[in-house]
Amino acid sequence: MIQRFSPTVALLALCLALGACGKKPEPAGAPQERIDPNIVVADQAMMARIKVAPASVEPFSEVLRVAGRIDFDRQRMARIGASVTGRVTDITTMLGANVKPGDVLARLHSTELGSAQLAYLKAKAQSELQENARERARLLFAADVIGKAELQRRENEYAVAAAELRAAYDQLSVLGMSRAAIERMGRTGEISSFSPVVSTLHGTVVELKVAPGQVVQPADALFTVADLSKVWAVADVPEQQADLVAEGQTVDIEVPALGNRRIQGQLIYVGQVVNPSTRTVRVHTSIDNADGRLKPAMLATMLITSRPTEQLVIPASAIVRYDNEDLVYVEIAPGRYRATQVQLGGTYHDRRAVVSGLKAGDRVVIEGAFHLNNQRIGVEVE
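Each residue of the sequence shown is one higher than the one before, counting from 1 in the working numbering.
Put into structure tokens, the structure is as follows:
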């Protein structure tokens, strides 16, 4: 007997058969070409705006920016005090006064000076007395009135008196009396216990630390006189950069108080020791200040052109700053350029030192890098 199946059953059987056979894998599509987002292909119009040059190793001077200040020229200033202990009777100058060597700045009364003058007059009288005694002894010895022993005694007494006179004279010189004043006192016999405090330098009184009635000693600095026609710019260079500076190097000084006016000079001193507290080396520059606009203690910035060293260098125009990175474009084939991140060193005029990211001979875009970067950014956005 022939069994018949309904169309529904036949369709169900066909579906089960197909499910048992499984699905065949679909053929894979052709792989798509990967595009490097850092590579830019320039068209003919862009190529006309691009200039390429190789990165090179050459002598390079960095400009070091070091905080500093204006200071007195220490070779043109003097701290002036009294030569004797005494009490100030009057002050004959004021802050800002222009003085010259020999000008009296103050006067003081000193019993020490009076005592030294009296000792000198006594020594002078004793020396003259012993000199006369020696001459008489020589005459008597020649007349065979006294023996040689007596003559030698008188000569020795004169030698001692002469030595005491010289010591008294030296003491007055130490106490500030001039040779003319000592000789005048020796002639007249007049003692004066008033001692002047005089300037030893041509310049300006920039500090005054004394008042009438004050008792002062030779160790006290009463006045500071400075020649301000020249001043120093002083700065402390970090020890890591100390080897890059040397005497004679060119320096530009910026003074904020003068509208960052730039003053050019040369290093006249580079310290030979490192300050252990700040780990810095002191440097000085001498500056002309004939107009008096530079004031000691003004803040200043030193721009020191360092000693040249061999470094990999590219023009500053080759650098593009994007997304907090420094980029240059390196030619990898005619019309094809790769954005390359670099680490930069110092700057000198329109050149930049490259620490890493490039090697000597790499062909770098030195004009038109900005346009290449704009094209690369545009492709990334799309």
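Beta carbons: idealized from backbone N, C-alpha and C, even for Gly.
Tell me, to the nearest whole angstrom, how far the beta carbon of L303 is from that of V283; I am working on the premise that it is less than 8 Å.
On the sequence shown, position 303 is the one that residue 303 refers to. On the sequence shown, position 283 is the one that residue 283 refers to. Wrong, their Cβ atoms sit about 12 Å apart, outside the cutoff.
Sufficient close CB pairs (3 or more, under 8 Å) joining the region 120–131 to the region 150–170:
Yes, the region 120–131 touches the region 150–170.
What are the partner residues of T93, as DSSP defines its beta bridges?
Numbered from 1 along the sequence shown, position 93 holds the residue referred to as residue 93. Note: T93 sits in no beta bridge, so no partner.
Taking the alpha carbon of M77 as the point to measure from, which residue in R153, E135, A221 has its own alpha carbon closest?
What you label residue 77 is simply residue 77 of the sequence shown in a count that begins at 1. Measuring C-alpha to C-alpha distances from M77 to each of R153, E135, A221 identifies A221 as the nearest.
Near I182, what residues of its chain come up, given a Cβ to Cβ distance below 8 Å and the 5 sequence neighbours on each side ignored?
The residue you call residue 182 lines up with position 182 of the sequence shown. Answer for I182: Y120, Y169, L172, S173, listed in chain order.
Would D43 be called buried (16 or more neighbouring beta carbons within 10 Å of its own) or exposed?
Position 43 of the sequence shown, counted from the start, is the residue given in the question as residue 43. D43 is exposed by the Cβ-count criterion.
What residue range does the alpha helix (DSSP H) around G81 cover?
For the purposes of this step, residue 81 is taken as the residue at position 81 of the sequence shown. First-last for G81: undefined, no H or E at that position.
Please confirm whether S420 and T111 have their CB atoms less than 9 Å apart.
Any question about residue 420 goes unanswered here, given that the chain covers just 1 to 382.
Quick one: what's got a C-beta closer than 8 Å to Y350's C-beta in the same chain, skipping five residues either side?
In the sequence shown, residue 350 corresponds to position 350, counting from 1. Per the sequence shown, the amino acid found at residue 350 is Asp instead of Tyr. P315, A316, S317.
Please report the straight-line C-alpha distance between Y322 and G346, rounded to a whole angstrom.
Translated into the one-based positions of the sequence shown, residue 322 becomes position 322. Translated into the one-based positions of the sequence shown, residue 346 becomes position 346. Spanning the alpha carbons of Y322 and G346 requires a straight line of approximately 19 Å.
Using DSSP with H/G/I as helix, E/B as strand and the rest coil, what is M302?
On the sequence shown, residue 302 is found 302 positions in, with the first residue counted as 1. M302: strand per DSSP, three-state reduction.
Per-residue DSSP class, three states only, for K354:
Within the sequence shown, residue 354 is the residue found at index 354, counting from 1. The question names Lys, but residue 354 in the sequence shown is Val. Strand, per DSSP.
Please classify A353 as buried or exposed, where buried requires at least 16 neighbouring CB atoms within 10 angstroms.
Within the sequence shown, residue 353 is the residue found at index 353, counting from 1. Result: buried.
I'd like to check one pair, L105 with T93: are the Cβ atoms closer than 9 Å?
Residue 93 sits at position 93 when you count from the first residue of the sequence shown. Residue 105 sits at position 105 when you count from the first residue of the sequence shown. In contact: T93 and L105 (Cβ atoms closer than 9 Å).
Whole-number beta carbon distance between P308 and S61, since they are thought to touch under 8 Å
Residue 61 sits at position 61 when you count from the first residue of the sequence shown. Residue 308 sits at position 308 when you count from the first residue of the sequence shown. Sure, about 5 Å apart at Cβ, within 8 Å.
Is the region 241–255 in contact with the region 209–226, if contact means three or more CB pairs nearer than 8 Å?
No contact exists between the region 241–255 and the region 209–226.
Leaving out the 5 sequence neighbours to the left and right, which residues in its chain are closer than 6 Å to G271 when beta-carbon positions are compared?
Within the sequence shown, numbered from 1, the residue matching residue 271 stands at position 271. Taking G271 as the centre and dropping the five residues before and after it, the same chain places the C-beta of V281, R282 closer than 6 Å to its C-beta, in chain order.
On the three-state DSSP scale, how would you describe I253?
Sequence index remark: in the sequence shown, residue 253 carries index 253 (1-based). For I253, the secondary structure class from DSSP, reduced to helix, strand or coil, is strand.
Alpha-carbon to alpha-carbon, V237 and Y329:
Here residue 329 refers to the residue found at position 329 when the sequence shown is read from its first residue. Here residue 237 refers to the residue found at position 237 when the sequence shown is read from its first residue. Here the C-alpha atom of Y329 lies approximately 35 Å from the C-alpha atom of V237.
Tell me, please, whether the region 288–304 touches the region 38–57 by the rule of three or more beta-carbon pairs shorter than 8 Å.
Output reads no: the region 38–57 does not touch the region 288–304.
In the DSSP output, what is H109 paired with across the bridge?
On the sequence shown, position 109 is the one that residue 109 refers to. BP columns for H109 point to R87, F194.
Ranges of the alpha helix (DSSP H) found wholly within the region 264–296, counting only runs of at least 4:
Counting only runs of 4+ residues, no alpha helix (DSSP H) is found wholly inside the region 264–296.
Can you find the residues in the same chain that come closer than 6 Å, C-beta to C-beta, to E157, ignoring five residues on each side of it along the sequence?
To locate residue 157, count along the sequence shown from 1; it is residue 157. If we look at E157 and ignore the five residues flanking it on each side, its Cβ neighbours are Q130.
Quick one: give me the first and last residue of the beta strand (DSSP E) that R336 is part of.
Residue mapping note: residue 336 aligns to position 336 of the sequence shown, counting from 1. Start and end: 336–341.
Pick out whichever of P196, P212, L228 has its Cα sitting closest to the Cα of G203.
In the sequence shown, residue 203 corresponds to position 203, counting from 1. For the residues P196, P212, L228, the minimum Cα distance to G203 belongs to L228.
Quick one, which of V273, M298, V41, D103 has its alpha-carbon nearest G68's?
Against the sequence shown, residue 68 aligns to sequence position 68. Between G68 and the set V273, M298, V41, D103, the nearest pair of CA atoms involves M298.
Residue from Q214, A143, E150, A242 with nearest C-alpha to A133:
What you label residue 133 is simply residue 133 of the sequence shown in a count that begins at 1. Ranking Q214, A143, E150, A242 by CA distance to the CA of A133 puts E150 first.
Straight-line CA distance for G102 to V198?
Counted from its first residue, the sequence shown places residue 102 at position 102. Counted from its first residue, the sequence shown places residue 198 at position 198. In this structure, the straight-line span from the alpha carbon of G102 to that of V198 is close to 5 Å.
How about R87 and G176: do their beta carbons lie closer than 9 Å?
Translated into the one-based positions of the sequence shown, residue 87 becomes position 87. Translated into the one-based positions of the sequence shown, residue 176 becomes position 176. Contact flag unset, no.
At the level of alpha carbons, what is the spacing between A369 and I50?
Within the sequence shown, numbered from 1, the residue matching residue 369 stands at position 369. Within the sequence shown, numbered from 1, the residue matching residue 50 stands at position 50. Straight-line Cα distance between these residues: approximately 7 Å.
At the level of alpha carbons, what is the spacing between I287 and D71?
Reading the sequence shown from its first residue, position 287 is the one you call residue 287. Reading the sequence shown from its first residue, position 71 is the one you call residue 71. Distance between I287 and D71, taken at the CA atoms: about 10 Å.
Three-way DSSP call (helix, strand, coil) for Q214 in this model
Numbered from 1 along the sequence shown, position 214 holds the residue referred to as residue 214. Coil, per DSSP.
Please report the Cβ distance between N373 and A339, rounded to the nearest whole angstrom; I am assuming they are in contact, meaning their Cβ atoms lie under 8 Å.
Working through the sequence shown from its first residue, we reach residue 373 at position 373. Working through the sequence shown from its first residue, we reach residue 339 at position 339. With 8 Å as the limit, N373 and A339 qualify as a contact, their Cβ atoms being about 7 Å apart.
Quick check: the Cα distance between Q311 and P59, rounded to an integer number of angstroms?
As a working note, residue 311 is residue 311 in the sequence shown. As a working note, residue 59 is residue 59 in the sequence shown. When rounded, the distance between both Cα atoms is 6 Å.
With burial defined as no fewer than 16 other Cβ atoms inside 10 Å of the residue's Cβ, what is the status of D144: buried or exposed?
Position 144 of the sequence shown, counted from the first residue, corresponds to residue 144. D144 comes out exposed.
Identify the continuous beta strand (DSSP E) that holds V145 and give its terminal residues.
Sequence index remark: in the sequence shown, residue 145 carries index 145 (1-based). No beta strand (DSSP E) contains V145, which DSSP labels as neither H nor E.
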